[in-house]
Every structure is written in C-alpha cells, then in structure tokens.
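S.K.:
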Amino acid sequence: GFIRFTDMIDGQTITRQTDELTGLSSLVVLDSAERTAGGKDLRPALKIVDAQGNDVLIPGTDMPAQYFLPGKAIVQLEDGVQISSGDTLARIPQESGGTKDITGGLPRVADLFEARRPKEPA
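Heads up: the sequence shown begins at -11 in this note's numbering, then just goes up one per residue.
1. Can you round the beta-carbon distance between P32 and L57 to whole angstroms, since I take them to be within the 8 Å contact cut?
2. Report the CB separation of S14 from I62 in whole angstroms; it is logged as a contact under 8 Å.
3. Please classify T49 as buried or exposed, where buried requires at least 16 other C-beta atoms within 10 Å of its C-beta.
4. Just tell me which of I36, I46 and D(-5) has its CA closest to the CA of D29.
5. Just to confirm, is the Cβ distance from V37 to F(-10) under 8 Å?
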C-alpha cells in the first residue's frame, strides 16, 4: 500500500525537523497544547491506501487502516511513499522519569520487603 497523510499540516499540526549530523528530515507531530487555533480540532493520522487511492481495509473488518498519531510522534515517511509489511510508520519517543539513581529507590524497596504501607502510594 501507500501512505496518505491526514490532517498533517506543516506549522499547524506538524513541524519538520532536520538532523544536522545525518541531514535526514523528519516530521514531528505537535502536541495539542502547542498547536495554533486552526490545528486544535485536527487529528493527524497516517492512512494506508492502494495504488488507486482507495482506502485499504483492516483484514476481517470494514474499518480503513488509519493510525492516529499522538503528540511528539516522529514520522520519517513522506506522503505517497510505498510501504510494505513490517515498515515503521512512526516512532513514539518514551520519556524516562522517576528515580534518577539507585539510592532514590532503595527506601521504596525496603518498604516492599517489610510489607508495610508505603508513605507515598503510587
């Protein structure tokens, strides 16, 4: 199939970033809080279509193969490019948070081993 961008407007719902080391450009979906007024109601998505431009359906259903993109998703494809099974459509970066070093988690581990109620429940 082929990729068709839906509601992906440069400056409103997406922004183009170029990696200075590799020279490769990618599209980054703007978080809804970062969008302009015109882009707040839009839902950026990747839709899979066939060579004639008709929607490809998810096997066994009547639903088109359409993937909505969350904020900060990174798309390295261009509109209209051919894709096949196993291709990466978008990357969603995961932020690591919480304890920065091992010593911050040790009191929590002690609470677990002693089977008492934690001071700050999750």
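Just so it is clear, CB atoms sit at the ideal spot from N, CA and C, and this is done for glycine as well.
Computed from a predicted model, the values in this text were never measured in an experiment.
M.R.: In terms of the structure at hand:
1. Here residue 32 refers to the residue found at position 44 when the sequence shown is read from its first residue. Here residue 57 refers to the residue found at position 69 when the sequence shown is read from its first residue. Correct: roughly 5 Å between the Cβ atoms.
2. Start at 1 with the first residue of the sequence shown, and residue 14 comes out as number 26. Start at 1 with the first residue of the sequence shown, and residue 62 comes out as number 74. Confirmed, about 5 Å.
3. By one-based count along the sequence shown, residue 49 stands at place 61. With fewer than 16 other Cβ atoms within 10 Å, it is exposed.
4. For the purposes of this step, residue 29 is identified with residue 41 of the sequence shown, where counting begins at 1. Closest option to D29, Cα to Cα, is D(-5).
5. Here residue 37 refers to the residue found at position 49 when the sequence shown is read from its first residue. Here residue -10 refers to the residue found at position 2 when the sequence shown is read from its first residue. Yes; because the gap between Cβ atoms is below 8 Å, this pair is in contact.
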